[in-house]
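Each remark here refers to the structure printed beneath this line.
Chains as they are written, first to last, in our numbering: chain U, 30 to 181; chain G, 119 to 701.
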């Protein structure tokens, strides 16, 4: 299993005790489409490209119309979890899910169930890329489009 | 991990294959270095630029997808404008998409009999019928249609041509992500000659590195340099259009076909004024935090309905402001933006279009061409509406005059006269700097006759400030050094705007991180740059280029620069010195 490095936000979370946080799109209209968040997400695993990215930036039908950021919103009652047949997804504190890759069989139901299409797929591993709400991507957003907020 | 796979596509046979070519990438890095070797391999001697034998080569580099601002794709081909080396760079998502699709380079050969577009999803290549989108009036519309037809939004690039490319205007461009271009030297016409309307490329591969920890540390260093230091400030703030006021004050802003070097109302079309009045959105290339792409909002009422408005986004940068603004005496912002928008709609190179129109205006004023040639169109400085119509006619080519103008300013002057004020260098129209001898030596000696080849204008600007006067030899040596180093940057496909971040020591660190020849030294880097520059010039020599044939337009001698009146002898000496260094 891949070992996740602890990032600033996660450390804060541990040190701060009980407050759970989630990644939030703060102001989509400030997005310039640089995709640094997408690269950051895969870089957590020490690699380039997008294979492991759990966030995506795309234009709203041409860059002149601005961008949309697709990322897990940390649902309190996640549809992706409900359709997982092997119980590989469990509820995360603060919303959203955590993935147990050893249980995952790569069926793809979670990705189909997410209404935001925020469960991305790692074709190389045949597993979903699940956002862990660590905030690493937000550390590289130059314009404050995304950030960590307190989960309810 | 170094890129090594090359996708070869044959449009005539509608077949493709993938070959691993580590030899090319291990030796020449990527981008320009690899593209020029592929051009030497793939382009037969004396190829017709608009024939099926002319290859389109697209190459990216080993840092693409790993480090910020390694976001350019280098295109190489034989240019229909100059009849020689064609090289053009574009950003957008093009480089990221090519690398994420798994490739270091793509080679497109042959020609289709019917309109076609390519959809490349990783190692799957589809030849899609494009007859239903051929002939559509606006290149914007083509982008919209392909976006709907293909999937993977956010992970893809869509390169497309407009009507200008279809009609094979020698300086037609290829548009990428709506506002970035393979602008110069006519790649759009090469697409058109192959009946190739668009190329969509997508993928989401990973790029592995040997030492993830070291990679992340180096990444953060480059990221901090980019966002915190001053080196990217110009591009991050007002953008390249911040050049307008200083060049105007320096008397180096080519205006009215370089009859003047400043304009009374130049502040109107300055970056500062455009930002205040029109700037509506900032956009970035993939993996670049700078967002240098400036989009102006143009709000126009409907012609026939009160209280109805349309709002168009128009990109602006220094070069189109120069070529379509100051060169044509167009200093009113909405008129300028409408003209830029027309050039975008048709899919033309802004610089060549503006310089061609500036020549035509002067030729019309002097009676070399009359309203018979222009078909009743009165070309006069500052008349944006007439220029918009002229742009459309360059594309539709309703008579011999317009079809000649569509071949570039030099061909037009050959036929109609006015060669003294036809501003082209090596067959390519002049960029926006009349700063002094170094700028013009760049246009003349640069492998693609671009101001970006060796940036002599910047040397002139420094010399104007300090009062230092360089000899032809000193200029040639400095330009040679700069152009050689830029071969390294464009082989890495690092944006030239990021040259202040990617200094040689950082480049070395990056190359070691991605596993390029672990023992590489600064000397090796220098040698690679010089070798690539020599290869480009070897291709040019093979195709008949000789620096002794270079034409120096009379107008650049007639019009004074901030460093005084240029002397032809001085320039010739600089050219000789430069090519002596290349041997």
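Here a beta-carbon is modelled for each residue, glycine too, at the ideal position from N, C-alpha and C.
Counted within 10 angstroms of its Cβ, other Cβ atoms place residue i as buried (16 or more) or exposed
i: residue 590 of chain G; result: buried
i: residue 130 of chain G; result: exposed
i: residue 494 of chain G; result: exposed
i: residue 682 of chain G; result: exposed
i: residue 66 of chain G; result: Given a span of 119 to 701 for chain G in the structure shown, any question on residue 66 of chain G remains unanswerable.
i: residue 609 of chain G; result: buried
i: residue 417 of chain G; result: exposed
i: residue 169 of chain G; result: exposed
i: residue 351 of chain G; result: exposed
i: residue 484 of chain G; result: exposed
i: residue 31 of chain U; result: With a pLDDT of 35 at residue 31 of chain U, under the threshold of 50, the modelled position of that residue is not reliable, and the figure given next carries that caveat. Its Cβ having fewer than 16 others within 10 Å, residue 31 of chain U is exposed.
i: residue 331 of chain G; result: exposed
i: residue 89 of chain U; result: exposed
i: residue 214 of chain G; result: buried
i: residue 111 of chain U; result: exposed
i: residue 119 of chain U; result: exposed
i: residue 115 of chain U; result: exposed
i: residue 136 of chain G; result: exposed
i: residue 274 of chain G; result: buried
i: residue 650 of chain G; result: buried
i: residue 249 of chain G; result: exposed
i: residue 467 of chain G; result: buried
Under 9 Å between C-beta atoms of residue i and residue j
i: residue 267 of chain G; j: residue 317 of chain G; result: no
i: residue 708 of chain G; j: residue 177 of chain G; result: The requested residue 708 of chain G is not part of the displayed model; chain G covers only 119 to 701.
i: residue 556 of chain G; j: residue 578 of chain G; result: yes
i: residue 492 of chain G; j: residue 508 of chain G; result: yes
i: residue 301 of chain G; j: residue 288 of chain G; result: no
i: residue 504 of chain G; j: residue 449 of chain G; result: no
i: residue 436 of chain G; j: residue 357 of chain G; result: yes
i: residue 297 of chain G; j: residue 442 of chain G; result: no
i: residue 67 of chain U; j: residue 272 of chain G; result: yes
i: residue 513 of chain G; j: residue 464 of chain G; result: yes
i: residue 63 of chain U; j: residue 86 of chain U; result: yes
i: residue 281 of chain G; j: residue 257 of chain G; result: yes
i: residue 193 of chain U; j: residue 130 of chain U; result: The requested residue 193 of chain U does not occur in the structure, where chain U is confined to residues 30 to 181.
i: residue 198 of chain G; j: residue 321 of chain G; result: no
i: residue 70 of chain U; j: residue 59 of chain U; result: no
Residue from the options whose Cα sits closest to the Cα of residue i
i: residue 554 of chain G; options: G:680, G:356, G:327; result: G:680
i: residue 349 of chain G; options: G:199, G:546, G:600, G:614; result: G:614
i: residue 132 of chain G; options: G:231, G:217, G:563, G:142; result: G:231
i: residue 276 of chain G; options: G:686, G:445, G:210, G:151; result: G:210
i: residue 377 of chain G; options: G:179, G:444, G:192, G:242; result: G:444
i: residue 490 of chain G; options: G:154, G:519, G:501, G:258; result: G:519
i: residue 172 of chain U; options: G:346, G:380, G:528, G:630; result: G:346
i: residue 99 of chain G; options: G:215, G:225, G:208; result: What is shown of chain G runs 119 to 701, which leaves residue 99 of chain G out entirely.
i: residue 644 of chain G; options: G:616, G:605, G:618; result: G:605
i: residue 429 of chain G; options: U:63, U:93, U:147, U:76; result: U:93
i: residue 164 of chain U; options: U:126, U:130, U:178, U:158; result: U:178
i: residue 363 of chain G; options: G:212, G:386, G:526, G:541; result: G:386
i: residue 309 of chain G; options: G:286, G:328, G:342, G:684; result: G:286
i: residue 361 of chain G; options: G:415, G:306, G:438; result: G:438
i: residue 528 of chain G; options: G:575, G:433, G:140, G:670; result: G:670
In chain order, what residues of the segment 295-325 of chain G put their CB closer than 9 Å to some CB of chain U? 295, 296, 297, 321, 322, 323, 324, 325
Interface positions of the segment 50-75 of chain U facing chain G (Cβ-Cβ less than 7 Å), listed along the chain: 61, 62, 63, 64, 65, 68, 71, 72, 75
Taking any Cβ of chain U, which residues in the segment 260-273 of chain G have a Cβ under 7 Å from it, in chain order? Residues of the segment 260-273 of chain G whose Cβ lies closer than 7 Å to any Cβ of chain U, in chain order: 261, 262, 265, 271, 272, 273.
Using a beta-carbon distance cut-off of less than 8 Å, what residues from the segment 78-89 of chain U approach chain G? 78, 79, 80, 81, 82, 85, 86, 87, 88
Whole alpha helix (DSSP H) elements within the segment 220-301 of chain G, 4-residue minimum: 257-267, 281-284
What residues in the segment 415-438 of chain G bring their beta carbon closer than 8 Å to a beta carbon of chain U? 431
Residues of the segment 91-102 of chain U with a CB closer than 9 Å to any CB of chain G: list them in chain order, please. 91, 92, 93, 94, 95, 96, 97, 99
Near-chain G residues of the segment 152-173 of chain U (beta-carbon distance less than 9 Å), N- to C-terminal order: 152, 153, 169, 170, 171, 172
Go through the segment 62-105 of chain U residue by residue and report every complete run of the alpha helix (DSSP H) that reaches 4 residues or more, in order. 65-72
At 3 residues or longer, what runs of the beta strand (DSSP E) sit wholly inside the segment 513-590 of chain G? none
Taking any Cβ of chain U, which residues in the segment 210-221 of chain G have a Cβ under 9 Å from it, in chain order? 210, 211, 214, 217, 218
According to a CB-to-CB cut-off of less than 8 Å, which residues of the segment 331-343 of chain G neighbour chain U? Flagged, chain order: 331, 333, 334, 337, 341.
Check each residue of the segment 628-645 of chain G: if its Cβ is closer than 7 Å to any Cβ of chain U, include it; give the result in chain order. none
Completely contained beta strand (DSSP E) runs for the segment 437-476 of chain G, where each covers 3 or more residues: none
What are the residues in the segment 138-152 of chain G lying within 8 Å of chain U by C-beta distance? none
Every unbroken alpha helix (DSSP H) inside the segment 142-215 of chain G [4 residues or more]: The segment 142-215 of chain G contains these whole alpha helix (DSSP H) runs: 149-160.
Interfacial residues, the segment 388-403 of chain G to chain U, with Cβ spacing under 8 Å: Here the close residues are 399, 400, 401, 402, 403.
Sequence ranges, alpha helix (DSSP H) only - wholly within the segment 601-671 of chain G, length at least 4: 622-631, 640-660
Ranges of the alpha helix (DSSP H) found wholly within the segment 319-394 of chain G, counting only runs of at least 4: Fully contained in the segment 319-394 of chain G are the following alpha helix (DSSP H) runs of length 4 or more, in chain order: 330-346, 351-354, 362-368.
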